[in-house]
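Notes for the one structure printed next.
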Amino acid sequence: MASLKEMRNRIGSVKATQKITKAMQMVAAAKLKRAQDQAESARPYAERMAAVIANLAAGVSGDGAPKLLAGTGSDQKHLVVVATADKGLAGGFSTNVVRAARDRIKELIANGKDVQIIAVGRKSRDQLTRLFGARVVKTFELSEHKTLGLPAAQPIAEMIAEEFEAGRADVVTLFYSRFKSVISQVPTANQLVPAVVGAEAEPIDLNGAVYEYEPSEEEILETLLPRNLTTQILAALYENQAGFFGSQMAAMDNATRNAGDLINALTLQYNRSRQAQITTELIEIIAGAEAL
Amino acid sequence: MAGKLNFSLVAPEREVFAGLVDQVDAPGVEGDFGVLPDHAPFMTALREGPVTVIDGGNRRVFAVKGGFADVTPAGLTILAEEATEVSAA
Numbered sequence: 024m025a026s027l028k029e030m031r032n033r034i035g036s037v038k039a040t041q042k043i044t045k046a047m048q049m050v051a052a053a054k055l056k057r058a059q060d061q062a063e064s065a066r067p068y069a070e071r072m073a074a075v076i077a078n079l080a081a082g083v084s085g086d087g088a089p090k091l092l093a094g095t096g097s098d099q100k101h102l103v104v105v106a107t108a109d110k111g112l113a114g115g116f117s118t119n120v121v122r123a124a125r126d127r128i129k130e131l132i133a134n135g136k137d138v139q140i141i142a143v144g145r146k147s148r149d150q151l152t153r154l155f156g157a158r159v160v161k162t163f164e165l166s167e168h169k170t171l172g173l174p175a176a177q178p179i180a181e182m183i184a185e186e187f188e189a190g191r192a193d194v195v196t197l198f199y200s201r202f203k204s205v206i207s208q209v210p211t212a213n214q215l216v217p218a219v220v221g222a223e224a225e226p227i228d229l230n231g232a233v234y235e236y237e238p239s240e241e242e243i244l245e246t247l248l249p250r251n252l253t254t255q256i257l258a259a260l261y262e263n264q265a266g267f268f269g270s271q272m273a274a275m276d277n278a279t280r281n282a283g284d285l286i287n288a289l290t291l292q293y294n295r296s297r298q299a300q301i302t303t304e305l306i307e308i309i310a311g312a313e314a315l
Numbered sequence: 805m806a807g808k809l810n811f812s813l814v815a816p817e818r819e820v821f822a823g824l825v826d827q828v829d830a831p832g833v834e835g836d837f838g839v840l841p842d843h844a845p846f847m848t849a850l851r852e853g854p855v856t857v858i859d860g861g862n863r864r865v866f867a868v869k870g871g872f873a874d875v876t877p878a879g880l881t882i883l884a885e886e887a888t889e890v891s892a893a
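Each protein sequence line maps, in turn, to chains A and B. Quick note, in the working numbering, the first sequence goes up one by one and the last residue is 315. Quick note, in the working numbering, the second sequence goes up one by one and the last residue is 893.
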């Protein structure tokens with residue numbers, strides 16, 4: 024049985040921990056609001072971009088289509104981009120994404136495909152290098168950037184385009200966590216290359232009119248497609264960030280509640296021990312008095 | 805729907821402008837152009853330069869860097885890499 028002093032210390036330490044988790048929860052809640060706004064205001068751009076590409080893709084057909092749009096015609100070499108958070112203390116947030124990616128990667132390897140991995144976020148790097156070692160060809164850390172924006176997404180998109188141009192990848196898939204709500208983030212796989220067109224974006228009805236392009240259709244597509252890559256990655260990063268804070272908020276809320284339960288249990292135990300000690304002392308005094 | 809042009813100017817971070825206007829002037833890579841309501845379908849890459857939005861007596865100017873303009877029967881969409889409002893007069 025721990026001494027009363029030890030128990031007092033223990034209760035004190037749990038209380039201190041509770042204060043920290045409570046503070047982290049509140050900070051996460053504040054940041055979540057901002058991240059959510061950011062994710063939402065970035066959506067129109069991504070949607071318009073998808074519509075424009077759908078439009079163009081409908082016009083460019085067959086052999087003339089750029090490879091980023093049409094693919095290389097093979098699906099032997101897979102490049103998997105796994106985006107998670109840099110930090111932990113957010114429940115199973117990063118683990119969930121990595122698990123979804125891991126299952127897919129194992130499946131691909133089992134089917135005899137070549138798989139290369141780009142890890143975005145420190146958690147993703149740590150877990151994936153442990154699982155797949157040398158298959159992780161490149162890692163990006165998001166905490167290098169103060170705020171999440173184009174500068175964070177650009178190098179990742181450039182790297183992907185480079186791998187693709189060099190013929191080291193046929194299919195590029197991005198894993199991230201879709202922000203469904205504060206309490207629900209869904210690990211999602213998104214095929215970046217070849218571009219999936221027309222899933223949600225309807226080509227616009229031109230009423231029979233013909234599009235004019237300046238410069239040519241191909242040239243526009245050539246600059247537009249890499250940009251689309253960046254946009255999709257940025258959108259995923261925004262979703263990830265919102266999801267991370269949501270997940271962290273939930274995790275810290277749980278931790279705070281757990282700490283509360285623990286404090287109650289320990290306090291009860293402490294009071295009991297103290298009462299037992301007092302009773303023992305009283306019995307000793309009474310017994311001593313009777314003996315006289 | 806004739807008479808007004810449905811225009812939206814979108815940057816990666818947010819939608820900068822959206823609404824019905826009379827005319828939009830923008831800097832295309834092969835020359836500046838103006839878009840009125842019911843313009844023929846047209847798509848062009850953009851240079852760095854000013855996008856002027858004219859609605860009645862109102863003129864609003866946005867500085868736009870890189871991107872695309874897409875004219876469809878539904879309206880004009882400018883996807884800009886960067887866009888900030890310069891002046892409202």
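In this text, a Cβ means the ideal position worked out from N, Cα and C, and glycines have one as well. Treat the numbers as computed from the prediction; the structure is a model and nothing was measured.
Taking CB distances under 9 angstroms as the criterion, tell me whether residue i reaches chain A.
{"i": "residue 846 of chain B", "result": "yes"}
{"i": "residue 889 of chain B", "result": "no"}
{"i": "residue 874 of chain B", "result": "yes"}
{"i": "residue 805 of chain B", "result": "Low confidence applies to residue 805 of chain B: its pLDDT is 45, below 50, so where it sits in the model is not reliable, and the reading given next is rough at best. For residue 805 of chain B, the answer is no, since every Cβ of chain A falls outside 9 angstroms of its Cβ."}
{"i": "residue 828 of chain B", "result": "no"}
{"i": "residue 866 of chain B", "result": "no"}
{"i": "residue 839 of chain B", "result": "no"}
{"i": "residue 823 of chain B", "result": "no"}
{"i": "residue 855 of chain B", "result": "no"}
{"i": "residue 851 of chain B", "result": "no"}
{"i": "residue 816 of chain B", "result": "yes"}
{"i": "residue 883 of chain B", "result": "yes"}
{"i": "residue 861 of chain B", "result": "no"}
Any beta carbon from chain B within less than 9 angstroms of residue i's own beta carbon?
{"i": "residue 222 of chain A", "result": "In this prediction, residue 222 of chain A has a pLDDT of 47, which is less than 50 and means its spatial position is unreliable; nothing more can be read from the coordinates."}
{"i": "residue 143 of chain A", "result": "no"}
{"i": "residue 280 of chain A", "result": "no"}
{"i": "residue 238 of chain A", "result": "yes"}
{"i": "residue 257 of chain A", "result": "yes"}
{"i": "residue 234 of chain A", "result": "yes"}
{"i": "residue 72 of chain A", "result": "yes"}
{"i": "residue 172 of chain A", "result": "yes"}
{"i": "residue 374 of chain A", "result": "Nothing about residue 374 of chain A can be reported from this structure: the residues present for chain A run from 24 to 315 only."}
{"i": "residue 97 of chain A", "result": "no"}
{"i": "residue 183 of chain A", "result": "no"}
{"i": "residue 242 of chain A", "result": "yes"}
{"i": "residue 246 of chain A", "result": "yes"}
{"i": "residue 217 of chain A", "result": "no"}
{"i": "residue 103 of chain A", "result": "no"}
{"i": "residue 263 of chain A", "result": "no"}
Going by C-alpha to C-alpha distance, which of the options sits closest to residue i?
{"i": "residue 869 of chain B", "options": "B/808, B/813, B/857 and B/828", "result": "B/813"}
{"i": "residue 826 of chain B", "options": "B/856, B/879, B/808 and B/851", "result": "B/808"}
{"i": "residue 142 of chain A", "options": "A/299, A/281, A/176 and A/298", "result": "A/176"}
{"i": "residue 851 of chain B", "options": "B/837, B/841, B/878 and B/831", "result": "B/831"}
{"i": "residue 74 of chain A", "options": "B/872, B/867 and B/865", "result": "B/872"}
{"i": "residue 862 of chain B", "options": "B/884, B/819, B/823 and B/818", "result": "B/823"}
{"i": "residue 271 of chain A", "options": "A/132, A/77, A/109 and A/71", "result": "A/109"}
{"i": "residue 265 of chain A", "options": "A/63, A/285, A/114 and A/244", "result": "A/63"}
{"i": "residue 203 of chain A", "options": "A/259, A/92 and A/197", "result": "A/259"}
{"i": "residue 811 of chain B", "options": "B/833, B/853 and B/882", "result": "B/882"}
{"i": "residue 61 of chain A", "options": "B/817, B/889, B/856 and B/877", "result": "B/817"}
Starting from residue i, follow the alpha helix (DSSP H) in both directions and report where the run begins and ends.
{"i": "residue 191 of chain A", "result": "Unbroken run through residue 191 of chain A: none, as it is neither H nor E."}
{"i": "residue 243 of chain A", "result": "240-314"}
{"i": "residue 817 of chain B", "result": "Looking at the DSSP string, residue 817 of chain B is not in any alpha helix (DSSP H), and its letter there is neither H nor E."}
{"i": "residue 150 of chain A", "result": "145-155"}
{"i": "residue 133 of chain A", "result": "116-133"}
Going by DSSP, what residue range makes up the beta strand (DSSP E) through residue i?
{"i": "residue 159 of chain A", "result": "159-163"}
{"i": "residue 98 of chain A", "result": "Neither: residue 98 of chain A is in no beta strand (DSSP E) and is coded neither H nor E."}
{"i": "residue 213 of chain A", "result": "207-216"}
{"i": "residue 849 of chain B", "result": "846-849"}
{"i": "residue 236 of chain A", "result": "235-237"}
{"i": "residue 831 of chain B", "result": "827-832"}
{"i": "residue 839 of chain B", "result": "835-839"}
Taking only beta-carbon atoms, is residue i less than 9 angstroms away from chain D?
{"i": "residue 254 of chain A", "result": "Going by chain labels, chain D is absent from the structure shown, which instead holds the protein chains A and B."}
Could you pull out every unbroken beta strand (DSSP E) segment of at least 3 residues lying fully inside the stretch 858-893 of chain B, listed in chain order? 862-876 and 879-892
For the pair the stretch 103-113 of chain A and the stretch 65-83 of chain A, tell me if three or more CB-CB distances fall below 8 angstroms. no
Does the stretch 38-52 of chain A come within contact of the stretch 261-281 of chain A, defined as at least 3 CB pairs closer than 8 angstroms? A contact is defined here as three or more CB-CB pairs under 8 angstroms, and the stretch 38-52 of chain A meets this definition with respect to the stretch 261-281 of chain A.
Tell me, please, whether the stretch 122-136 of chain A touches the stretch 159-167 of chain A by the rule of three or more beta-carbon pairs shorter than 8 angstroms. Touching, no.
Please determine if the stretch 299-315 of chain A and the stretch 47-57 of chain A are in contact, where contact requires at least 3 C-beta pairs separated by less than 8 angstroms. In short, these stretches do not touch, since the Cβ pair count stays below three.
Is the stretch 233-244 of chain A in contact with the stretch 842-850 of chain B, if contact means three or more CB pairs nearer than 8 angstroms? yes
Taking contact to mean 3 or more Cβ pairs, one atom from each stretch, closer than 8 angstroms, check whether the stretch 177-197 of chain A and the stretch 212-219 of chain A are in contact. yes
When the Cβ atoms of the stretch 111-118 of chain A are set against those of the stretch 134-148 of chain A, are three or more pairs found closer than 8 angstroms? yes
Taking 8 angstroms as the threshold, find out whether the stretch 244-261 of chain A comes into contact with the stretch 168-185 of chain A through three or more Cβ pairs. Touching, per the Cβ criterion.
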